[in-house]
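In the working numbering, the protein residues as written are 1 to 779.
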């Protein structure tokens, strides 16, 4: 790989291939960097390219290197960066020295004119042009003076330090490109000696200035050493450098320098590593030391496969007072052995008192799901968390892991049988959350997750929803497109459920059937509304926005509607009827039709309208006769604000939750709710907190019910703690007392009749009405 490296003077035409262009330098520096990295450091990259063109050896450097073309260009850049770093470091020393000399001259100056001249002379040294000097001289009476040139010096110095730190980072990255090409030990040693990186970096390991320069120097040395074969890690640096690294690990340097020193110690002196790692946990320092302990956890996990004895240090980490340190352990646990996972996962998932730590441990389970040997272990932990956890944030994270875990199984082409097994195994726990979770927001997350798993765990449904998603994503908001025949021919229930899954992260949808096919509208369309005209007439105000129509509202034409889960208003506005975010539910109750939607449904005639939501299906049945529908539409428009207020019912309100639907029922509009049907009846779940908004006794919806579904809704209502008003409770108590007293009277009379049929009674049971038996009985 490596033959010889020769740097010598030669003719320009023989070395033209070693001259790098501006674009080539940018491409090498941007390798494996974040896409915003180039934009963030654009000014520093431009300065580096300008300095390269001024480099004396740019056109005279000859490199004899056997390797790929990219590594050869990187080698040229390493030589330039060595020169640049040395040159910039010397420049900082000279800049500081000249400022000290100027300060002495200025202090010794006696007259004002001498002081002004010293200031102008130093401004010229800092690079001021003749024109700028003339402006500075005129500004002496206003703002220019000793403080001004001192600020210029300070700015120049700090900008140079920033550039030096950037150059050190580039040296580390580019050095790795060159060194990782060498696999043989002898070639790597020869290349390392030739690059002389330690010679350039060692003086900066003791830099007394901006800590970023020091951190960058440590990081560059650590990166390049780790790129070498492991056999020469300990022998590649001098003893004096190793001693300085050990000294930096003791806590005398800044936090980030200590982190980089520990990372470097991992490569150059693994025998001393365990002592330093244990001491950082046994003798923690101030609050900022948590970053060092996080680094220690990372190093321990990386070294476990080499030194299993480091496992006991993780016991200190799991007991650390800082949640951030325990989070780092949770993030890195997937990289450890199975025994270590079984030891620490239960502690972090179920025993840690910090919710963010438990959530981090849950997120790390995603890496285990794609591993065949650890799939069942991760699934058991995830299911147990869903059943036992009470914290809202952690439960939301667990449900996120359910969805993302299925996505990763699909991404890694895991067999469909395991994908289905994953979804079905979690269904009982998600069903329990949906029905009984303390937080209503968690119930909403559970319903959304249940529907997501239903849609994506089956390969056929997954293909349909992907085609549907690709089609609707290109529809502009508020616009309508005709559904392709392959999608339009699907069952309404299937189409509605799939669209409701898409609407969890998208606009809502409105599906309309006509003689020319089926059409879908993405988002809301707006047009003239009579209620809005009434509202503006009743509420005139001079602060309304100009150039906007104030007589428009939402229009809906379809008989199949899917509300968006995420689009709502966080604060109530002056315009009623908007989808208002409810903090308790983390949503706007999309399962309750908006007043605008009810008015639009009345305009469709006597056709029923279906609303598909992750919670279930809502059926809106308008009045049968035209005059009844006209009357209901007029009343809704005239008293729009009142009905909108009833819909936005608050948990602490005085009125019952179902007041909105009761008010609609008074207009002849029936609204019914039913949960989604599943292939297995055991997975069917309905949130009692949703049922409180709907009438207790509802008719069966055609095409949506299954055997025993009506009984399930009766049961859900009677066991629910929601939606029972005082009148309902009084009626229930009256019926219960009537049943109890009636049964008691009936049994008493039955007992009396049975006793009277006995022919002869010896003894007494208290007072007898007829103590003497009749002649017929004696006979």
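All C-beta atoms in this analysis are idealised placements derived from N, C-alpha and C, irrespective of residue type, glycine included.
Minimum C-alpha distance to residue 359 - residue among 371, 376, 328
328
Given the structure, does residue 306 come close to the ligand COA, in the sense that its CB is under 6 Å from one of the ligand's heavy atoms?
The ligand COA is not part of the structure shown, which contains no ligands of any sort.
Can you confirm whether the segment 433-450 touches the segment 581-598 when touching is taken to mean that 3 or more C-beta pairs between the two stretches lie within less than 8 Å?
yes
Those residues which DSSP pairs with residue 520 across a bridge:
Beta-bridge pairing by DSSP links residue 520 to 481, 511.
Contacting residues, own chain, Cβ-Cβ under 6 Å from residue 152 (five flanking each side not counted):
126
Tell me the rounded alpha-carbon separation between residue 288 and residue 494.
Whole-angstrom Cα-Cα distance: 55 Å.
Would you kindly check if the distance between the Cβ of residue 214 and the Cβ of residue 257 is under 7 Å?
Against a cut-off of 7 Å, the Cβ pair of residue 214 and residue 257 comes out as a contact.
Cut-off 7 Å between Cβ atoms - residues of its own chain near residue 300, not counting five sequence neighbours on either side:
277, 310, 313, 314
In the structure shown, what three-state DSSP assignment does residue 612 receive?
Under the three-state reduction of DSSP output, residue 612 falls in the strand class.
Going by other Cβ atoms of all chains shown within 10 Å of its Cβ, with 16 needed for buried, is residue 697 buried or exposed?
With a pLDDT of 46 at residue 697, under the threshold of 50, the predicted position of this residue should be treated as unreliable, though the coordinate-derived value follows. The residue is exposed, with fewer than 16 neighbouring Cβ atoms inside 10 Å.
Could you pull the start and end residues of the alpha helix (DSSP H) that residue 268 belongs to?
It spans 255-268 - the alpha helix (DSSP H) in which residue 268 sits, taken as one unbroken run.
Cutoff 6 Å; reference residue 96; Cβ partners in own chain excluding five residues on either side
So no residue of the chain qualifies.
Quick check on residue 165: buried or exposed, where buried means 16 or more other Cβ atoms within 10 Å of its Cβ?
buried
Return helix, strand or coil for residue 599, following the three-state DSSP convention.
DSSP, reduced to helix, strand and coil, places residue 599 within a helical segment of the structure shown.
By how many angstroms is the C-alpha of residue 78 removed from the C-alpha of residue 154?
For residue 154 and residue 78, the distance between alpha carbons rounds to 29 Å.
Comparing C-alpha positions only, which one of 745, 470, 176 sits nearest to residue 29?
Minimum Cα distance to residue 29 is reached at 176.
Which residues does DSSP pair with residue 525 in a beta bridge?
555
Can you check the segment 203-228 for any beta strand (DSSP E) of at least 3 residues that lies completely inside it and give the ranges in chain order?
none
Are residue 447 and residue 614 close, meaning C-beta to C-beta below 7 Å?
yes
Out of curiosity, what's the CA-to-CA distance linking residue 102 and residue 71?
46 Å
Whole-Å CB distance - residue 462 paired with residue 455, under 8 Å assumed:
7 Å
State the DSSP-derived secondary structure class of residue 19, mapped to helix, strand or coil.
coil
Tell me, which residues are paired with residue 620 by DSSP?
Residue 620 is bridged to 609, 671.
Please name the residue, chosen from 650, 182, 739, that lies closest to residue 230 on a Cα-to-Cα basis.
182
Is it buried or exposed for residue 539, if we count other Cβ within 10 angstroms and need 16 for buried?
exposed
Does the Cβ of residue 368 have 16 or more other Cβ atoms within 10 Å, making it buried, or fewer, making it exposed?
buried
Rounded to the nearest angstrom, how far is the Cβ of residue 365 from that of residue 378, given a contact under 8 Å?
By a beta-carbon distance limit of 8 Å, residue 365 contacts residue 378. Their separation comes to about 4 Å.
Going along the chain, which residues of its own chain have a beta-carbon closer than 6 Å to the beta-carbon of residue 557, five neighbours each way excluded?
These residues qualify, in order along the chain: 512.
Comparing C-alpha positions only, which one of 83, 202, 146, 297 sits nearest to residue 109?
When each option's Cα is compared against that of residue 109, the closest is 146.
Is residue 759 helix, strand or coil when you go by DSSP?
coil
Using 7 Å as the threshold, is the C-beta distance between residue 188 and residue 228 below it?
yes
Which residues does DSSP pair with residue 420 in a beta bridge?
Paired residues: none, contrary to the question.
Can you tell me the Cα-Cα spacing of residue 106 and residue 99, whole angstroms?
Straight-line measurement puts the Cα of residue 99 at about 10 Å from the Cα of residue 106.
Rounded straight-line distance, which links the Cα of residue 392 to that of residue 398
10 Å
Do the segment 47-55 and the segment 123-137 touch if we need at least three Cβ pairs shorter than 8 Å?
By the Cβ criterion, the segment 47-55 is not in contact with the segment 123-137, since fewer than three pairs of Cβ atoms, one from each stretch, lie closer than 8 Å.
Run of the alpha helix (DSSP H) containing residue 474, from where it starts to where it stops:
Note, residue 474: premise wrong, no alpha helix (DSSP H); not H, not E.
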